[in-house]
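Each remark here refers to the structure printed beneath this line.
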Amino acid sequence: MWEPLGEGATGLVYRALDLELRRPVAVKVLKEIVSLHATARERFAREAHAAARLSHPNVVAVFDLGEEDGRHYVVMELVAGGRSLRQRLAEPPDLRALADFLAKVADGVQHANENGIVHRDLKPENILVTEAGEPKVTDFGLAHLLHSSSALTRTGAALGTPAYMAPEQAGGRRHQITERTDVYALGAILYEILVGHPPHTGDTPGEVGAKILVEEPVPPRRLRKDVPAELEAIALKALEKDPARRYASARALADDLRRFLRGEPLAARPMSPARRLSRKIRRHPGAVFGGAAAVAALVMAIGLLRASRDDRTEALALIRETANAAVEDALQLRRMGTREGLRRLLPRLEAAYKRALTRAPELAEVEYLMGRMHRALMDDGKALKFQERALAKDPTYGPALYERVVLKSRRYGAERLKTADLSRVLDSPPRTAEEVPKRPPPSQEELEATSPFLRQLRGEIVRDLDALEALQSRSGIGKANLLAAWGLMAYHEDRFDDARRALEQAVAQDNQMEEAWQMLAESMIHLGRRSPGREEKFAWFRRAEKTYGQAMALDRGYLPYIYLRGVAREWQAWSLFLLRENAIPDYDACIRYYSQAIAADPTFAVAWMRRGSSRFHRGDQRRDRLGEDPLDEWNLGEKELGEAVRLDPNNVTSWSWRARLRHWRAQYLWTAKHQDPLPDWAGAEDDCSQALKVRSDEVPIVSFPTVRSWRARIRINRGLYRWREQKLDPEPDWRAAQEDLAEALRLAPSNAEAWQQRGVLHLQRGVRRASSGNDPLAEWALADKDLTEALRLRDAPDIAADRAEVYWARAEFLGTGRDYAAAVKDWEHTMTLDAIQKPRLSPRVEAAQQRQAKVAR
């Protein structure tokens, strides 16, 4: 019969009986939900295999490993007594007895280290206490096998319990994990024995990790006066952030503990005030020069610095080491999902940067590292400035050149997305799936014609890529970086499949390159947009979403992954909408992803904009597919788009989406709810006007004629409402619309939206003239001409339907069979392009055919 003994995050432990040897044992069983994950199963097996190699009185012995009915288990030595060091620490402390106990723990750890195993998760819970009071080290589930090529041991993930992690472990510096990593954990346990808590504490694992990387532990004797100075010295030596300053092995730590017990001199020497100040200056030079003792501190600091850094080469090596460690630690914190801890590492890097400017002002490397830190902090503007400085010092410094390519590529991508979004939002979007192949996404040339800044920026990127490729043999970057650079170049030349192949190779070689993951997924989105087939299109969108998910698993704090995952799903939702299929679940997913991005950064304006536009589409779907009132969804969307324009009033796309939402809500209020639509039209008009006021040296927004076309549409519909419902003169609105359309067509004669809206304006003017007994034919002739030109530029169902209205009106006015026939032809064409219009248009086609036949008789 099995008796439960305990439970951990991944396994359950039971007391059992070995029937063959008739001895009690402990059986650890992997939890059923955890066993579904291959990585968890492999770690579980690795724990058993690692521990099975060990035979030491202070290590729990492993007897067997197996699987039954899909449940994985390990049979281990049953430790009589059944409690852990954690439980023992809850009792009144006996420091000498606990020092002796920890020395024996270190003996067990030394045995594991000598067998090529670093435990990596030493903590009071993983040290069992026998009935005789002897320690037994257990739980090798995170063991690091020295010299192993296993992906599990090579991963940069910060595995372990944060409070007991060494800095190299918390920082994900896998190449630095050695026996001294376990020495640090033993020091953390000793520290807790002395003062009652680990050396670093915090509310979240990320906060603890940040402190381990940045802060020195408070000396135990400051917290408890009765702590022996010798034990404090042993703990602080074991807790050195630099592994080279720690005990060389767990045995060396055990030896010092036993020297303390025998009253002999220690290998570790207590830290003097001068040594402590020297360390503080080395890590935080700006922190010591303040207060009343500033002059004395400065004099002492100068003496200490002279004593320790006379050699310039050694000083520069220390500067480089400090700067590199700060950047690596920041990246690891972000990958752990702890973005709030990143900026705490910046002062360490800035201190190294200032020392570099003093010692070696020509050094490009620290400029590069400052830029890399700011990219980790997602401050690309500052990052680019530092890389420009690095390249001003050394134009052939490869890492900085690569960084500039990445940063300018991001800028290009953001501007390109904004320009493409503006085109998609303000121009009439495709209405059917069949229309999409006829209207491919704007090409690189088309977008750069709209935005000269894009053309200039791409030229700069290509020049840097050429330089980087020429320098590859001596540039200081790896093959993964070159593959990523080639992938970026292919992406910006619209060679998306070439980009995908290069970037897939890049992330296979280095999975921590966020720039490669991001552009890889974006390439897949573009491949999906260009695919004519339904299944192929959706397959690319799903691959892009999955790729972002893989990247997020590696870097939980990189905000664009969350946001762009929503963009990938949004393209799938839009494609379903065009196919007249249910896109509501996909828009739900979009809203969920954008909500995650907003939760991570409430000032992320683009995420607010995307969530608002997704709510607009979701409301539209609810109305069309479910017959539900969309107003609650649209009202939420309006608020979210309002937050987007508040956070970034220079984002034209946010203004444009809110204009569109308000316009369609006005139409719905008028036609379905019989309520006043004028406030919404006024708001939509103002949003377009605000978009036209935006000025940017990088994107000449005023050159976008579709902004004026959209404002003209709003004014035409508002004039129509005032004439039909309020019996007011529509001409003030219509004249303003006419001015907008004239300017739009002056700027872009090939803009189909402008031709269409001018045709609609002439149609309504003709209808009004006919209703008042005047001749409408001149207006309808102009409407026919404009809508025919719009159809030539873009064969769309809404344009064909508008021209059919012109023919119907003229046929009704003149009684001509030819115009009835032309209306029937356009309506039938509309239904071919958009089958959902058939219930509405079929009765009109039948009526037109009947009247055509009557005229013929």
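With my numbering, letter number 690 in the sequence shown gets 677, and the count goes up by one each step, no holes. From the three backbone atoms N, C-alpha and C, an ideal C-beta is built for every residue, glycine too.
Taken through DSSP and simplified to helix, strand or coil, LEU364 comes out as coil.
Between the region 183 to 192 and the region 212 to 221 there are fewer than three inter-stretch CB-CB distances shorter than 8 Å, so the stretches are not counted as touching. Per the C-alpha coordinates, the member of GLY324, PRO386, ARG362 and ALA317 positioned closest to ALA351 is PRO386. In this structure VAL92 is in contact with PRO122, their Cβ atoms being roughly 5 Å apart against a cut-off of 8 Å. Using a C-beta cut-off of 8 Å, the region 741 to 758 makes contact with the region 768 to 780, since at least three inter-stretch Cβ pairs fall below that distance. Counting C-beta pairs with one atom in each stretch, the region 476 to 485 and the region 509 to 524 have three or more that are closer than 8 Å, which means they touch. Here VAL593 is buried: its Cβ has 16 or more other Cβ atoms, across all protein chains shown, within 10 Å.
Residue nearest to CYS577 within the set ARG391, HIS604, PRO664 and THR640 is HIS604 (criterion: CA-CA distance). For PHE525, same chain residues with a beta-carbon under 8 Å away, outside a window of 5 residues either side, are GLY515, GLN559 and SER562 in chain order. Collapsing the DSSP output to three states places GLY95 in a helix. ARG70 counts as exposed, since fewer than 16 other beta carbons sit within 10 angstroms of its beta carbon. Each residue's CA atom was taken as its position, placing SER641 and ALA631 some 6 Å apart. Excluding residues up to 5 positions away in sequence, GLU615 and PRO617 lie with their Cβ nearer than 6 Å to the Cβ of ARG609 in the same chain. Closest option to ARG233, judged by alpha-carbon separation, among GLU349, ALA791, VAL353 and ALA254: ALA254. A buried status is given to THR817, since no fewer than 16 other beta-carbon atoms sit within 10 Å of its beta-carbon. A direct Cα-Cα distance of roughly 7 Å separates TYR580 from ARG552. Relative to the Cα of VAL49, the nearest Cα in the group MET63, THR345, PHE88 and LEU458 belongs to MET63. Spanning the alpha carbons of PRO348 and LYS341 requires a straight line of approximately 9 Å.
With contacts defined by Cβ atoms closer than 8 Å, LEU541 and GLN499 form a contacting pair. In chain order, VAL96, ASN100, VAL105, HIS106, LEU109 and ALA237 place their CB closer than 7 Å to the CB of ASP169, counting only its own chain and leaving out the 5 sequence neighbours on each side. For LYS841, the uninterrupted alpha helix (DSSP H) segment begins and ends at 825 to 843.
In the DSSP assignment, GLY(-7) is bridged to VAL0. TYR171 is a Cβ neighbour of ALA225, given a cutoff of 8 Å. For LYS626, the enclosing alpha helix (DSSP H) begins and ends at 618 to 634. For the pair PRO11 and LEU17, the CB atoms are not nearer than the 8 Å cut-off.
Minimum Cα-Cα distance from ARG722 among the listed residues LEU715, ARG702 and ARG733 corresponds to ARG702.
Assigned with DSSP and collapsed to three states, LEU52 falls in strand.
Per the Cβ contact rule, the region 712 to 731 is not in contact with the region 756 to 766 (fewer than 3 Cβ pairs under 8 Å).
In the three-state DSSP reduction, TYR535 falls in the helix class (H, G or I).
Taking a contact as a CB-CB distance under 8 Å, the pair ASP674 and ARG649 counts as one, their CB atoms being some 7 Å apart. Just measuring C-alpha positions, the residue of ASP821, GLU815 and ALA467 sitting nearest VAL832 is GLU815. Burial state of GLU502 is buried, judged by a 10 Å Cβ sphere holding 16 or more other Cβ atoms. Residue ARG709 holds the alpha-carbon nearest to the alpha-carbon of TRP657 among ALA317, ALA457, ARG709 and VAL793.
With respect to ALA741, PRO692 sits close: the two C-beta atoms are nearer than 8 Å. From the listed residues LYS15, ALA86 and ASP94, the smallest Cα separation to LEU52 is found for LYS15. For ALA835, the closest alpha carbon among the candidates SER829, TYR807, ASP821 and GLN492 is that of TYR807.
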